[in-house]
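**Q** Structure below; questions to follow.
Protein chains: 2
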Amino acid sequence: MPVNLPAPNPAELFPIAGVTIGITEAGIRKANRKDLTVVQIDAGASVSGVFTQNRFCAAPVQICREHLAGSQGIRAMVINTGNANAGTGADGLARAQQSCAALATRLGISANQVLPFSTGVIMETLPVDRIEAGLDAAIADAKADNWLNAAHAIMTTDTAPKAFGAQVSIDGVTVSITGISKGAGMIRPNMATMLGFMATDANVAPAVMKQLALELAEGSFNRVTVDGDTSTNDSFVVIATNKAAHAPITSLASPAGQALKTAMLGVAQKLAQAIVRDGEGATKFISIKVEGGSTQAECRQVAYAIAHSPLVKTAFFASDPNLGRILAAVGYAGITDLDQTGIDLYLDDVHVAVKGGRNPAYREEDGQRVMKQSEITVRVLLGRGSAADTVWTCDLSHEYVTINADYRS
Amino acid sequence: MPVNLPAPNPAELFPIAGVTIGITEAGIRKANRKDLTVVQIDAGASVSGVFTQNRFCAAPVQICREHLAGSQGIRAMVINTGNANAGTGADGLARAQQSCAALATRLGISANQVLPFSTGVIMETLPVDRIEAGLDAAIADAKADNWLNAAHAIMTTDTAPKAFGAQVSIDGVTVSITGISKGAGMIRPNMATMLGFMATDANVAPAVMKQLALELAEGSFNRVTVDGDTSTNDSFVVIATNKAAHAPITSLASPAGQALKTAMLGVAQKLAQAIVRDGEGATKFISIKVEGGSTQAECRQVAYAIAHSPLVKTAFFASDPNLGRILAAVGYAGITDLDQTGIDLYLDDVHVAVKGGRNPAYREEDGQRVMKQSEITVRVLLGRGSAADTVWTCDLSHEYVTINADYRS
């Protein structure tokens, strides 16, 4: 059961002019399961993406990077679950290219106008024949109002679909934003999550799209972690179909750029947090805020050390205020000149540690009260400066071990 | 149940001339449990130690560093379990100093000739009155032949005592080496493990002791991990009582220095590996060898990425050859110019991946066979150079979550 993850609200999943989506059952790994999604994008859209920093990046990630760097506009995406096409060498690259070519032929576009995405088990051969066989049905299913079905079709160990939308007024024109994501394990995105797709009909100049995608990922997917494992397939794609009748946004710093970015970031954060709320075995959603650092980077480093500590995560699972484990994680986060006597720790409103030691006023029952909640904020004050950062994570439960000891079987 | 950890062999735990050990029940946290150990060292010994790199290091670690840097020889150690005296601020430092002073008074030495060690729960007040009250009994118990009892007395979540010994001939003189260690969780030592103590009657010049302790830690405790959590209290102390009738060892590079170091390293590795074999919830002992790196440091970095991946560790627990997870960990280990097409992966003798892709000759049943073993070697060839390194770890099981969700209760 995800932690306080609302079911997608269909009324909020706005169709985006210029985007249609079709899904089908291609039988890639299991029968009777929607596992193939085709997204078609009208000519003239601005598209950008950010991808995993894992050096063992999957074949489709390598091809996405190549196709996005090309001069022809992106016109389609093909997404399969059940197989990650990672750790598959030259053969995996050829199979990913083949799926792009097969879709391109059917749509009358070039293969390098297609972005491929795969998610599932690593180091197994992509059954590209089944993808090809499913393309016609996915194309036939194309409709603008298909975001929720797509959110279902891209799930792997996810227990719930993840889809959010928003509308914002740009120069008096209402533009829509809709996004979906998937992921529950192997989650410590380092440019983007397993899979995240957002589209808007806003009119965004191609020149600022890369920056927009980067800033959105930076403020959302790059701040979540489930188990610290950066996936081979992390991909986050942002599409602006440019259908809305406002002047093109040529700078993110402009009022229109700011308005759009803020609205899109709200959706991106919900999508990213949804992955943590549905983290494998998660029973709690934990925000880790680190303040008073010399730099934002060191704040995030400390936040991730806490978020990745198995001891901290199991203590949250047990609702046990064994909070010294948090201090220990702060200590080994890698800030070599950290002075422990400058550090304060809060659990929600409870002041746990003062200047590196236990707060004399701290009472175990106060810590216990907060630890029992399903939403908890850990706040660490480093006492070194004025920088801050936040990371979102979940606890480590028996269910995580069960899921990952059984995945594949 | 530890993984293939033999019970200590009393015949191998050699008394070390110049060292006596006494233990008692001081009731520090729980009743009816040996929890206080006093080690007395004759004047004239060479003593050195390496300690946690955690910036939130415990009060006793801070005092050990100070006392070892002093000019007076170390004459005693006082070790308690049940309380780590970490995250305790200035009050914790005062209490650790008080325990040193109390022991020094009883032994007729200076407080700065005493090294204090604490292990147990973090951020709780050290009951130094109980330590003081127990000192007389611990001193009265002093004997040379007490290593095994001390190995029991320093245990926390350990399920078995860890003690090993060896003898080696130096210039025709037989010298003895005996060591003990403890630790099962919060184990990713970064200079030394939770607690490790080794003594020898060998004659080692004080000038080379620091180097000897560093090299021993580097080859043993700094190559193991259970959960990646670097403790606040890691301490590893090496004592040479200089009682043996051979010429002083003034260089580790000399034949005598090499012989002693090799023998001591053998014991240190057994002590370090024992911690992994008794790792919280461990069901498997895994050696991770990374070869073909540009530097030894990058090999260790890759080995630790694999050793810390919850996905890799749960797959080992499940005996599931979901080996793409290992490739993913190699990919996110942080080598930014890593070329995945140069990487090979072996599981014991089974060649799993070739040049970054699945070995066409690899059969699932071969991987399955190795995964079912209790001792497994993962071998990664980076194809970048000739450096290599090895790290030892264990799997991640339900029992780990149970232990750490219940610890303290």
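So the protein sequences, as listed, match chains X and D. Heads up: the first sequence begins at 1 in UniProt numbering, then just goes up one per residue. Heads up: the second sequence begins at 1 in UniProt numbering, then just goes up one per residue. A virtual CB, placed ideally from N, CA and C, is assigned to each residue, including glycine. For clarity, every value in this text was computed on a predicted model and none was experimentally measured.
1. Short of 8 Å in beta carbon distance, which residues of its chain neighbour residue 402 of chain X, apart from the five on each side in sequence? Order them along the chain.
2. Do you know whose CA, among X:100, X:45, X:115 and X:283, lies nearest residue 1 of chain X's CA?
3. I'd like to know whether the C-beta atoms of residue 410 of chain X and residue 123 of chain D end up nearer to each other than 8 Å.
4. Closest by CA to residue 201 of chain D, which one among D:395, D:6, D:17 and D:394?
5. Return no unless some Cβ of chain X is closer than 8 Å to the Cβ of residue 398 of chain D.
6. Using C-beta distances below 7 Å, list every residue in its chain close to residue 352 of chain X, excluding the 5 sequence neighbours before and after it, in chain order.
7. From the DSSP output, which residues share a beta bridge with residue 291 of chain X?
8. At a Cβ threshold of 8 Å, is residue 344 of chain D touching chain X?
9. Would you kindly work out how many angstroms separate the C-alpha atoms of residue 265 of chain D and residue 134 of chain D, rounded to a whole number?
10. Whose CA, out of X:140, X:371, X:393 and X:354, lies closest to the CA of residue 90 of chain D?
11. How big is the Cα-Cα spacing for residue 331 of chain D and residue 221 of chain X?
12. Relative to the C-alpha of residue 365 of chain D, which residue among D:286, D:350 and D:377 is closest?
13. So what does residue 358 of chain D bridge to, in DSSP terms?
14. Can you give me the start and stop residues for the alpha helix (DSSP H) that residue 209 of chain D sits inside?
15. Give the list of continuous beta strand (DSSP E) stretches no shorter than 3 residues that lie fully inside the stretch 251-313 of chain X.
16. Near residue 192 of chain D, what residues of its chain come up, given a Cβ to Cβ distance below 8 Å and the 5 sequence neighbours on each side ignored?
17. Please classify residue 199 of chain D as buried or exposed, where buried requires at least 16 neighbouring CB atoms within 10 angstroms.
18. With a threshold of 8 Å on Cβ separation, who are the neighbours of residue 68 of chain D within its own chain once the five nearest residues in sequence on each side are excluded?
19. Can you give me the start and stop residues for the beta strand (DSSP E) that residue 330 of chain D sits inside?
20. Residue 191 of chain X by DSSP, collapsed to three states: which one?
21. Following the continuous beta strand (DSSP E) through residue 20 of chain D, name the residue where it begins and the one where it ends.
22. Would you give the residue range spanned by the alpha helix (DSSP H) that residue 107 of chain D belongs to?
23. My understanding is that residue 288 of chain D touches residue 393 of chain D, with C-beta atoms under 8 Å, so please give their C-beta distance in whole angstroms.
24. What are the partner residues of residue 5 of chain X, as DSSP defines its beta bridges?
25. Mind checking if residue 123 of chain D is an interface residue toward chain C, Cβ cutoff 8 Å exclusive?
26. Could you name each continuous alpha helix (DSSP H) segment of 4 residues or more that falls completely within the stretch 133-185 of chain D, going from the start of the chain to the end?
27. Tell me, please, which residues DSSP counts as bridged to residue 114 of chain X.
28. Taking C-beta to C-beta, are residue 271 of chain D and residue 374 of chain D nearer than 8 Å?
29. Establish whether the CB of residue 191 of chain X and some CB of chain D are separated by less than 8 Å.
30. To which residues of the same chain is residue 294 of chain D closer than 7 Å at the C-beta, ignoring the five residues directly before and after it?
31. Measuring only the C-alpha atoms, how far is residue 72 of chain X from residue 240 of chain X?
32. Say the cut is 7 Å; is the CB of residue 402 of chain X nearer than that to a heavy atom of the ligand ATP?
33. Does residue 57 of chain D have its Cβ less than 8 Å from a Cβ in chain X?
34. Taking C-beta pairs closer than 7 Å, name the residues in chain D that residue 340 of chain X reaches, listed in chain order.
35. Please compile the residues from chain D whose C-beta is within a distance smaller than 8 Å of the C-beta of residue 255 of chain X.
36. Do you know offhand how far residue 148 of chain D's Cα is from residue 260 of chain D's?
**A** In short, the structure shows the following:
1. Within the first sequence, residue 402 of chain X is the residue found at index 402, counting from 1. Taken in chain order, the residues that qualify are 281.
2. Here the question's residue 1 of chain X lines up with position 1 in the first sequence. Checking every option, the nearest Cα to that of residue 1 of chain X belongs to X:283.
3. Here chain X covers residues 1 to 409 and nothing more, so residue 410 of chain X does not appear.
4. Residue mapping note: residue 201 of chain D aligns to position 201 of the second sequence, counting from 1. Answer by Cα proximity: D:17.
5. The sequence position of residue 398 of chain D within the second sequence is 398, counting from 1. Cβ-Cβ to chain X under 8 Å: yes for residue 398 of chain D.
6. As a working mapping, residue 352 of chain X is identified with position 352 in the first sequence. Answer for residue 352 of chain X: 323, 345, 346, 359, 362 and 367, listed in chain order.
7. Within the first sequence, residue 291 of chain X is the residue found at index 291, counting from 1. BP columns for residue 291 of chain X point to X:381 and X:388.
8. In the second sequence, residue 344 of chain D corresponds to position 344, counting from 1. Answer no: the Cβ-Cβ gap between residue 344 of chain D and chain X never drops below 8 Å.
9. As a position in the second sequence, residue 265 of chain D is number 265, starting the count at 1. As a position in the second sequence, residue 134 of chain D is number 134, starting the count at 1. Taking the straight line from one Cα to the other gives about 34 Å.
10. On the second sequence, residue 90 of chain D is found 90 positions in, with the first residue counted as 1. For residue 90 of chain D, the nearest C-alpha among the options comes from X:354.
11. Counting from 1 along the second sequence, the entry for residue 331 of chain D is found at position 331. Counting from 1 along the first sequence, the entry for residue 221 of chain X is found at position 221. Going by the C-alpha atoms only, they are around 19 Å apart.
12. Reading the second sequence from its first residue, position 365 is the one you call residue 365 of chain D. That would be D:350, whose Cα lies nearest to the Cα of residue 365 of chain D.
13. Translated into positions along the second sequence, residue 358 of chain D becomes position 358. Partner(s): D:353.
14. Along the second sequence, one-based indexing puts residue 209 of chain D at 209. Its alpha helix (DSSP H) spans residues 206-218.
15. 285-293
16. For the purposes of this step, residue 192 of chain D is taken as the residue at position 192 of the second sequence. Its pLDDT being 48, under 50, residue 192 of chain D is placed unreliably by the model, and the measurement read from it follows with that caveat. Closer than 8 Å at Cβ, skipping near neighbours: 49, 50, 51, 52, 217, 221, 222, 234, 235 and 236.
17. If you number the second sequence from 1, residue 199 of chain D lands on position 199. Buried: at least 16 other Cβ atoms inside 10 Å.
18. To locate residue 68 of chain D, count along the second sequence from 1; it is residue 68. So the list reads 47, 48, 49, 74 and 115, once near-sequence residues are dropped.
19. Within the second sequence, the letter at position 330 stands for residue 330 of chain D. Per DSSP, residue 330 of chain D belongs to no beta strand (DSSP E); it is in the alpha helix (DSSP H), 324-331.
20. Looking up residue 191 of chain X in the first sequence gives position 191. Annotation note: pLDDT 45 at residue 191 of chain X (below 50); position unreliable, coordinate value reported separately. Of the three classes helix, strand and coil, the one that applies to residue 191 of chain X here is coil, per DSSP.
21. On the second sequence, residue 20 of chain D is found 20 positions in, with the first residue counted as 1. Looking at the DSSP string, the run of the beta strand (DSSP E) that includes residue 20 of chain D is 19-24.
22. Stepping through the second sequence from its first residue, residue 107 of chain D is reached at position 107. Unbroken alpha helix (DSSP H) run through residue 107 of chain D: 89-107.
23. Along the second sequence, read from residue 1 onward, the residue named residue 288 of chain D stands at position 288. Along the second sequence, read from residue 1 onward, the residue named residue 393 of chain D stands at position 393. Contact flag correct, Cβ pair sits at about 7 Å.
24. Start at 1 with the first residue of the first sequence, and residue 5 of chain X comes out as number 5. None, per the DSSP bridge assignment.
25. In the displayed structure, chain C is absent; the protein chains listed are X and D.
26. Qualifying alpha helix (DSSP H) stretches, in chain order: 147-153.
27. Indexing the first sequence from 1 puts residue 114 of chain X at position 114. Its beta-bridge partners are X:76.
28. Working through the second sequence from its first residue, we reach residue 271 of chain D at position 271. Working through the second sequence from its first residue, we reach residue 374 of chain D at position 374. It is not a contact, given that the beta carbons lie outside the stated cut-off.
29. Here residue 191 of chain X refers to the residue found at position 191 when the first sequence is read from its first residue. At residue 191 of chain X the pLDDT is 45, less than 50, meaning the model places this residue with poor confidence and gives no usable figure here.
30. Locating residue 294 of chain D in the second sequence gives position 294, where the first residue counts as 1. Excluding sequence neighbours, residue 294 of chain D sits near 384, 385 and 387.
31. Sequence index remark: in the first sequence, residue 72 of chain X carries index 72 (1-based). Sequence index remark: in the first sequence, residue 240 of chain X carries index 240 (1-based). Computed Cα separation, rounded: 15 Å.
32. Within the structure as shown, the ligand ATP is missing, as the structure has no ligands at all.
33. Counting from one through the second sequence, the residue named residue 57 of chain D turns up at place 57. Output row for residue 57 of chain D: interface = yes.
34. Within the first sequence, numbered from 1, the residue matching residue 340 of chain X stands at position 340. Those within 7 Å of residue 340 of chain X in chain D are 55 and 56.
35. By one-based count along the first sequence, residue 255 of chain X stands at place 255. Near residue 255 of chain X there are no residues of chain D at all, since even the closest Cβ is about 38 Å away, more than 8 Å.
36. For the purposes of this step, residue 148 of chain D is taken as residue 148 along the second sequence, with counting starting at 1. For the purposes of this step, residue 260 of chain D is taken as residue 260 along the second sequence, with counting starting at 1. In a straight line, the C-alpha of residue 148 of chain D is about 23 Å away from that of residue 260 of chain D.
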